[in-house]
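Here the structure is laid out as structure tokens; the discussion comes afterwards.
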Amino acid sequence: MSTTKTYILGIESSCDDTSASVICNGRVLSNIVANQEVHSKYGGVVPELASRAHQQNIVPVVQQAIEQAGIDKRDLNAIAFTRGPGLMGSLLVGTSFAKSLAMGLDIPLIDVNHMQAHILAHFIIEEDSKIPPFPFVCLTISGGHTQLVKVSNHFDMEVLGETIDDAVGEAFDKSAKILGLPYPGGPLIDKYAQQGNPKAFTFTKPKVGDLDFSFSGLKTGILYFIQRNVKENPNFIKENLLDICASIQHTIVEILMDKLKNTVKKTGITNIAIAGGVSANSEIRKRLQLAEKHIGWITFIPKFQYTTDNAAMIAITGYLKYLNNTYADVDVTAKARLKVTE
Ligand code: KG4
Ligand code: ZN
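Per numbering that gives the first Met the number 0: the sequence shown = residues 0 to 341.
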């Protein structure tokens, strides 16, 4: 019996990573990510520099993804690209490139919502993959978003709660900046936290209703705490870096876990997934594994390569849309703001 092979090329360029991936029937053949080092010295992503770097990277990154997949571009069945949300100048590079290539190859074009893609990365098929059953709740935690989403089907999603100000990734990155660490600081806080005492310092947790989040007060609290202590001891950060990182991380992860517990109580759903860049964090991963062991949740934790921005998540979402024959028109435009339900 022969099975048809469906090859989808995914292209991601919403922020500061240029990425391309080829998947075949839901399995990843290649997933190339070019990070943009240029932003680290500015303490955050500079939109103008990001779009310029995407322009430089997009052709070689796509070529490498096709080559590594061991196929010819004429084997592709469709091209999926990130339509939004993201930085307009960055989105335009991927959108224009995807359109031109799809037209040149005369194959369908599929627009993908970046936030849906973070969640749908859980549907990538691998030997040891654990695919969430519907309905499940996904906590999407990234540099731009913090959302609790009820997923009833691949494209049937409902936002249960979200941040009213900063995203959790920003809380990590801004805290890191206060400590003098380079951008993006989230992974560094995680690294130092592993050797520190999470109970060394306490920070006030925000009080926001129900299933919503707030991180701007925490950021200010951390800033004042550091300023106060540095005034008394100029070497405070250096002498306590590991404990400060562990305490910040512990506070953030406690906030996330509290909200997840509220969600389970409210919805009765115990299938819990995490997605987005911050889902790479070792403590949130550990806490979810413990919840599976001790309180009966069934947890879905993405592989590291599918947590931060990557094109494999765009390609799998494209594949799921391809199976539904949901294509984009040639006049589709990038959208900087796009809800997960759009
Ligand atoms: O999903 P992503 O790559 O981009 C957005 O769509 O925003 O997420 C990037 C965010 C950054 O804020 C980065 O600091 C954070 O994910 N991040 C982490 C870790 N790895 C990445 N935060 C905490 N711990 C980590 N290990
Ligand atoms: Zn993202």
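Beta carbons are placed, not taken as given, at the ideal position from N, Cα and C, and that holds for glycine.
Inter-stretch contact at 8 Å, needing at least 3 Cβ pairs: the region 237 to 253 / the region 181 to 191: yes
Where Asp-16 falls, given that 16 or more other Cβ within 10 Å makes a residue buried: buried
Who are the Cβ neighbours of Ala-192 in its own chain at under 6 Å, not counting the five residues just before and after it? Cys-244, Ala-245 and Gln-248
Given the structure, does His-144 come close to ligand 1, in the sense that its CB is under 8 Å from one of the ligand's heavy atoms? yes
Scan the region 123 to 148 and note each continuous beta strand (DSSP E) run of 3 residues or more that stays entirely inside, going in chain order. 135 to 140
Which residue marks the beginning of the beta strand (DSSP E) containing Val-331, and which one marks its end? From DSSP, Val-331 is part of no beta strand (DSSP E); its letter is neither H nor E.
Span of the alpha helix (DSSP H) holding Cys-14? No alpha helix (DSSP H) contains Cys-14, which DSSP labels as neither H nor E.
Selection from Ile-7, Phe-200 and Ala-68 that minimises the alpha carbon distance to Leu-100: Ile-7
Do Asp-308 and ligand 2 come close, with the Cβ less than 8 Å from some heavy atom? yes
Considering only C-alpha positions, which residue in the set Gly-93, Ala-274, Gly-184 and Asp-172 is nearest to Asp-136? Looking at the sequence itself, residue 136 is Val, so the reference to Asp does not match. Measuring from the Cα of Val-136, the nearest candidate turns out to be Ala-274.
To which residues of the same chain is Lys-371 closer than 7 Å at the C-beta, ignoring the five residues directly before and after it? Summary: the structure shown does not reach residue 371, with the chain confined to residues 0 through 341, and so no result is reported for it.
Note the first and the last residue of the continuous beta strand (DSSP E) segment covering Asn-324. That residue, Asn-324, is in no beta strand (DSSP E); it is neither H nor E in DSSP.
When burial is assigned at 16 or more other CB atoms within 10 Å of the CB, is Gln-115 buried or exposed? buried
heavy atom of ligand 1 below 8 Å from Pro-181 C-beta: no
Quick one: what does DSSP say Leu-182 is sitting in, helix, strand or coil? A quick correction: the sequence has Tyr, not Leu, at residue 182. If DSSP states are grouped into helix, strand and coil, Tyr-182 belongs with coil.
Taking the straight line between their C-alpha atoms, what separation do you get for Val-329 and Gly-317? 16 Å
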